[in-house]
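Written out below as structure tokens is the structure these notes cover.
In mature numbering (1 follows the signal peptide of the UniProt record, and there is no 0), the protein residues as written are -29 to -1, 1 to 1035.
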């Protein structure tokens, strides 16, 4: 679809939206709540006509004949509500908290005005249980975030029950989450990844919903995160600045990758083997098993001297010197990690005449050094945001905001494709290490600088939010949002061919640094060219969203919401995998499409005697736009087509296959939520709903062909139904002790119609491609328990525990054969049927926070200061069950055996120490965040393994509990048990009987299963192993054959940040 066509397509729905909006009730603001209550006199009689004002806003109401009032569209925050009536003293209720999409009840009892009493001040108390909430929801204020050892919104959200790292909510990915700021969704339209880089200085409140979303929420299936930012004070300027820094330190335990004892270095530098080779040198069998085999520099030199090229003749010593040059990369981290977060707001000069025009601007930058340098040595991201707010007229409010952010680093993709729901830029040590295990060219990936290329993603947003209160009980709102993501991935600078150094008369360039697309090899055989920095990406995706909302409090008991939404995406995607020397694997993906998503919804909230019922219905419309091909599944056209100059098969397919417009998909999604009080301090709630979201755009538009021969290799399908989740939740919440609350919730998610690639094979083998089909499913069940202490002068905190069970699978087969015999064989395969569904393995997790603090004015005053006040220590504990692993001898489990050995549980403690000072009415805080405070090692499974044999050697050396599933020596080890760095490796091998060994190793301790005894083979004879030595080996875990890349085994050393915050 062309842009002009898209604009025409947009015009008609907008006119319809406007017409409907002018004549019907629409949905209320998603970043606001409402205040309601009753005003009575001292005898409990209603006070009709009383004035109710929210002092920090222009919002207000008048009580009805029964003394009731309602004020809609109050932005989330903390307010003072004023009640007044002739003959009564004015009452001000301070500290009224308004949460997103919730009702805050504020009642008032007015006292007769006297000479002594003309005003009464009351402090609002948050209700022990929020009965108007019919789902699992958490509201986090800025003060609560400041008390935790976290530095981002995402980190704070991930501490809630049911939420895990990467914004994975209740077993689903971040691509199913709606992340909203001030009611505007921040989401990459290419891969559905949420943009979460929000300045902490700008945050007013964060709300997390993990289930039971109302009908106004669309394109979401697992969670909604609503962030409300500050809008600036119209009367004064404010500054909030904070920064924290972590001194340079290694990101792993133990040695660096270039240590003389490291896997890729020692065989080439150790005098015992470097020149004569690892097989002929003085290493024993155990040491040889820990390193790659090397023939020795003497042998390499002899080979060069005997070939026909005299220009490459080098002595053994010169070769070793050249090896060190080509492995000269520094792995030392010399610069700190840091974060800077700034916020500044206040009145715009002259803004009084513009509706008290005010602003709030914020900026955040973060830099994290890599585990070791890649093309770049760090990940960096920054984001700037400006928000302008005006009370245009009484009851009218306009907010305009803009945002720009960037992410810079080294691309984690070599094809140009991006991961669904997440950035494809290296960031964490685990992300880097996971690309260095059981893959080819690990030494090249480690020691070169251009195996992966540099990349940058830029995000920008502009939007506005206009609301107009027609009365205290009716308000409409119009929102517009434009969010764009731009990708830039290309190789770095070409390698400089200048000779920089000579060894033995042979010159060497800067290699392995610099991009080299053609063959280049190190003296040890390390690949230094070809296949480097293959990813290319210049995609640009822009999402336009328009919403119009209105709410009407029809009666004291019923609030009705309806609304319309229109979403248009300009998806211009252009990425490729490019190898100039080996072009046969090149593949380019290119499209320019304009999908359209629209929705209408109706929502009713009934409130009666404390019982709340949310009833909603959402109608969604989606079309991927453009045309799609009509083809037979084994169509011979797919065997090969001519490619266009841009490397894509689209033009040829357009002439060879018929096309038809992408179909329109219409879905209806019911939503239901009910909450009712059991007692004054408890409630029971239930919700149910159907939820849908868009798939990754690759599943809608990809048409990929091999660059040589033009064979189609992958096809999307824009006509597939949208992925769907049907969710149920039942919960109970109880308040006790005045400051404690507990919640338990059980949930079930039926996930279906997830896209999955299915491979098609023609009878003659000429057609062979992957096709996206909606045949994957998931079955997710869980229980969440949360205990909180939300009030207290010295102690607050929370504990939450999540237990869930996830089963995934697919219908049908992952391979479809035109040959009926082959197809029938796989249909009759028990192994394939078993592999179509995973066995659920529960991995419960828990978090606990203990926040100890003293009030700012605590203790005696010394010169106006309080030495004992303003102290805070916040302890954050995390735990997760390790899960299970499938193991059998040589890494192959018997049929039917699965999840038969345990994995070590993970746990850690983080701390924040903070001291706040009040200086001339301003606050200055010094703090330190300590991550993994106990410096506990967690083994990074199985990142240190060079290949599958290395991984299996580690697993075979563990002493698992006795089982017929494997022949390991019996013991109490689990996957993740490790040998300390300072303990030398002592091989300990199980055998059924000593007679089964033809060449026993004198350096190995053998465990004979027949006699259950430990043996050694010395001087040509078997004998019992020394008992003391056996006990020492068992106690110190010396028998564990650790993965050979030891510098990747443990990636969680203690990390300390020092910070300061200044609030003016």
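Even for Gly, the Cβ is constructed at its ideal location relative to N, Cα and C. All values reported here derive from a predicted model rather than from experimental measurement.
Taking the CA atoms as reference points, residue 19 sits about 6 Å from residue 37. The beta carbon of residue 639 lies closer than 6 Å to those of 590 in the same chain, with the five residues before and after it left out.
A direct Cα-Cα distance of roughly 29 Å separates residue 508 from residue 602. Between the beta-carbon of residue 155 and that of residue 450 there is about 7 Å, and that keeps the pair under the 8 Å contact cut. Within the segment 336 to 424, the runs of alpha helix (DSSP H) at least 4 residues long that lie entirely inside it are, in chain order, 400 to 404, 413 to 418. Runs of the alpha helix (DSSP H) lying entirely within the segment 226 to 280 and spanning at least 4 residues, in chain order: 237 to 240, 256 to 259, 268 to 277. Residue 562 has 544 as its beta-bridge partners, per DSSP. Annotation: the segment 140 to 188 contains the following complete segments of the beta strand (DSSP E) (minimum length 3 residues), in chain order: 148 to 152, 174 to 180. Separation of residue 265 and residue 411 (C-alpha to C-alpha, rounded to the nearest whole angstrom) is 17 Å. DSSP places residue 53 in the uninterrupted beta strand (DSSP E) bounded by 48 to 55.
Distances from the alpha-carbon of residue 525 to those of 45, 991, 577 put 577 closest.
A straight line joining the alpha-carbon of residue 407 with that of residue 268 spans about 26 Å. Where residue 310 is concerned, the enclosing beta strand (DSSP E) starts and stops at 308 to 318. In this structure, residue 15 keeps its C-beta atom at 8 Å or more from the C-beta atom of residue 78. The alpha carbon of residue 301 has as its nearest neighbour, out of 963, 346, 318, 330, the alpha carbon of 346.
Distances from the CA of residue 163 to each of 693, 145, 175, 177 were compared; the closest alpha carbon is that of 145. When 127, 1002, 1031, 595 are compared, the shortest CA-CA separation from residue 671 is found for 595. Collapsing the DSSP output to three states places residue 84 in coil. Under the DSSP assignment, residue 294 falls in the alpha helix (DSSP H) whose first and last residues are 287 to 297. Selection 907, 33, 356, 813 evaluated against residue 753 yields 813 as nearest (Cα-Cα).
The continuous alpha helix (DSSP H) containing residue 922 extends over residues 919 to 928. Straight-line measurement puts the Cα of residue 704 at about 8 Å from the Cα of residue 652. If you look at residue 804, you'll find it isn't in any beta strand (DSSP E); it sits in the alpha helix (DSSP H) that goes 801 to 806. DSSP lists no bridge partner for residue 501. Residue burial is scored here from C-beta neighbours: residue 88 has fewer than 16 other C-beta atoms within 10 angstroms and is therefore classed as exposed.
In chain order, 865, 868, 936, 937 place their CB closer than 7 Å to the CB of residue 859, counting only its own chain and leaving out the 5 sequence neighbours on each side.
Nearest to residue 251 by C-alpha distance, out of 757, 270, 236, 892, is 270.
A direct Cα-to-Cα measurement between residue 819 and residue 848 gives close to 5 Å. For residue 276, the number of other beta carbons within 10 angstroms of its own is below 16, and it is reported as exposed.
Considering only 982, 61, 474, 384, the residue with the shortest C-alpha distance to residue 494 is 474.
Shortest Cα-Cα distance from residue 829 to any of 360, 823, 840 involves 840. In the three-state reduction of the DSSP assignment, residue 1001 falls in the helix class. By the neighbour-count criterion, in which a residue is buried when 16 or more other Cβ atoms sit within 10 angstroms of its Cβ, residue 184 is buried.
By the criterion of a C-beta distance shorter than 7 Å, residue 655 is surrounded in its chain by 647, 649, 703, once the five residues flanking it on both sides are discounted. For residue 800 and residue 782, the gap between their C-alpha atoms comes out near 14 Å. With a cutoff of 8 Å on beta-carbon distance, residue 698 and residue 757 are scored as not near each other.
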